[in-house]
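Engineer:
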Amino acid sequence: MRFRGLDLNLLVALEALLDESSVSAAARRLNLSQAATSNALARLRDHFEDELLVRVGRQMAQTDRGRVLHREVAAVLRQIEARVLVPGAFDPAAQDRQVTIMAAEAVSLGFLACVGREVRRLAPRVRLVVRPLGGNPQAQLDRGEIDLLAIPLQYAAGGHPQAPLYVEPFSVICWRDAEIAARPLTAAAYVGADHVLLELGPDRKTPIDRILVEQLHGQLSGSVTVSGHAAVPWHVLDTERLGTLPDRTARQFAEVLPLAVRPLPFDIPANRLVLQWGRHAESDTGLRWLCDLMMTFVREPGEGGAKHSPDR
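If you count the sequence shown from 1, position 214 lands on 221 in our numbering, and the numbers rise without skipping.
Take a look at the structure:
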């Protein structure tokens, strides 16, 4: 089908070529021969009167026009999926799709695990792919590489719709038999303790709780630094170290490991999580259903549900 001189089938090829910046990789993704994919690129170059991809050394790079088109074609294709290809009446059980969620690790460990069990019950053919935070979430939402983003408010992607998810305080964990567990946890004891420190993900982001604590109470010292929440309890066990985690995550680990959970000995703002989706997904009925399901878990926690405080 042609629209104003462009074969609309070429838009799918254009997205793949610009995503991959490689004819051979795009060909594998499209399940086409390399010759057919090269021909598609030639037709696209002719239509847009631009090279779109140019060779730089051994790799190909997008031209300025290619970068603009990359954003636009991804948004257009996602809108077609959301507004044109959806069935007339929405039935969760009839949905057969993959939903990719980029989430903070603490959200993935607790909240999304509970949501996933409910999705399995109500929409058994919906597959959730949960990815850790990394790269540029805003660009990935723009390109439709991820469908949802569950993230602390301070890291939210600008320019995309969002809704408050939940608010969660931070808690301290220690080995149940540690000397520090037998005494009241004062502010001085906390600041002076040996900590398992967090530097989150490949970008080594400092968690917001540590930033706030150190701004108000001084530098924390730690003999171990890890890159994810799930590693913290294992480096606390059989030591006098302290670890600081979102409250639900701390209590989940304390249910299966010999850990004690204590409140932070001073007030810092709670962790405020938000849910985001791409602008192009506003009319995606399936995503809206999943977002509503998540909000139900926040508002009405049931057995195995997410017992979080809603953001008001």
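For every residue, glycine included, the Cβ atom is placed at its ideal position computed from N, Cα and C.
Since I believe Leu300 is in contact with Ala157 (beta carbons under 8 Å), could you give me their beta-carbon distance rounded to a whole number of angstroms?
Structural biologist: Contact doesn't hold; Cβ gap of about 13 Å is too wide.
Engineer: In chain order, what residues of the same chain have a beta carbon less than 6 Å from the beta carbon of Leu160, not counting five sequence neighbours either side?
Structural biologist: Answer for Leu160: Arg279, Val281, listed in chain order.
Engineer: For Val61 and Asn38, what's the separation of their Cα atoms in angstroms?
Structural biologist: Taking the straight line joining both Cα atoms gives about 23 Å.
Engineer: Whether or not the segment 205 to 218 and the segment 144 to 154 are in contact is what I'm after, with contact meaning three or more pairs of Cβ atoms, one per stretch, closer than 8 Å; do they touch?
Structural biologist: Touching, no.
Engineer: Using a Cβ-Cβ cutoff of less than 8 Å, which residues in the same chain neighbour Asp201 once the five nearest sequence positions on both sides are dropped?
Structural biologist: So the qualifying residues of the chain are Ser228, Gly229, Ser230, Thr246, Glu247, Arg248, Leu249.
Engineer: Under a Cβ-count criterion, where at least 16 other Cβ atoms within 10 Å of its own Cβ denotes burial, should Ala20 be classed as buried or exposed?
Structural biologist: The residue in question, Ala20, is buried, as its Cβ has 16 or more Cβ neighbours within 10 Å.
Engineer: Would you report the Cα separation of Val106 and Gly199, rounded to the nearest angstrom?
Structural biologist: Going by the C-alpha atoms only, they are around 44 Å apart.
Engineer: Exposed or buried, what is Gly285 when buried is set at 16 or more other beta-carbons lying within 10 Å of its beta-carbon?
Structural biologist: Counting Cβ neighbours within 10 Å, Gly285 comes out buried, since at least 16 surround it.
Engineer: For Phe10, which residues from the same chain have a beta carbon less than 7 Å from its beta carbon, with the 5 sequence-adjacent residues on both sides left out?
Structural biologist: Model confidence at Phe10 stands at a pLDDT of 46, short of 50, so the residue's coordinates are unreliable and nothing is read from them.
Engineer: So, helix, strand or coil for Arg52, using DSSP?
Structural biologist: Helix, per DSSP.
Engineer: Can you check which of these residues, Pro270, Thr256, His287, Arg269, is closest to Ala120 by C-alpha distance?
Structural biologist: Checked all of Pro270, Thr256, His287, Arg269; the closest Cα to Ala120 is Thr256.
Engineer: Out of Arg269, Trp182, Asp291, point me to the one whose CA is closest to His242's CA.
Structural biologist: Of Arg269, Trp182, Asp291, the residue nearest in Cα terms is Trp182.
Engineer: Under a Cβ-count criterion, where at least 16 other Cβ atoms within 10 Å of its own Cβ denotes burial, should Ala288 be classed as buried or exposed?
Structural biologist: It counts as buried.
Engineer: Got a sec? Which residues, its chain only, sit under 7 Å from Ala130 by beta carbon, not counting five neighbours each side?
Structural biologist: So the list reads Pro99, Ala100, Gln102, once near-sequence residues are dropped.
Engineer: Which partner residues does Tyr197 have in the DSSP bridge list?
Structural biologist: Paired residue(s): none; Tyr197 is not in a bridge.
Engineer: Between the C-alpha atoms of Arg128 and Gly117, what's the straight-line distance to the nearest angstrom?
Structural biologist: Spanning the two alpha carbons is a distance of roughly 18 Å.
Engineer: Can you check which of these residues, Ala194, Val126, Ser28, Val233, is closest to Glu112 by C-alpha distance?
Structural biologist: Nearest C-alpha to Glu112: Val233.
Engineer: Work out the CA separation of Glu22 and Phe55 for me, nearest whole Å.
Structural biologist: Phe55 and Glu22: Cα-Cα distance of roughly 14 Å.
Engineer: Please report the distance separating the alpha-carbon of Ile180 from that of Asn46.
Structural biologist: Their backbone Cα atoms lie some 60 Å apart in a straight line.
Engineer: With Leu140 and Gly208 assumed to form a contact (beta carbons below 8 Å), what rounded beta-carbon distance in angstroms separates them?
Structural biologist: The pair is a contact, with the Cβ atoms about 6 Å apart (cut-off 8 Å).
Engineer: Would you give the residue range spanned by the beta strand (DSSP E) that Glu175 belongs to?
Structural biologist: Per DSSP, Glu175 belongs to the beta strand (DSSP E) from 169 to 175.
Engineer: Please classify Val63 as buried or exposed, where buried requires at least 16 other C-beta atoms within 10 Å of its C-beta.
Structural biologist: Exposed: under 16 other Cβ atoms inside 10 Å.
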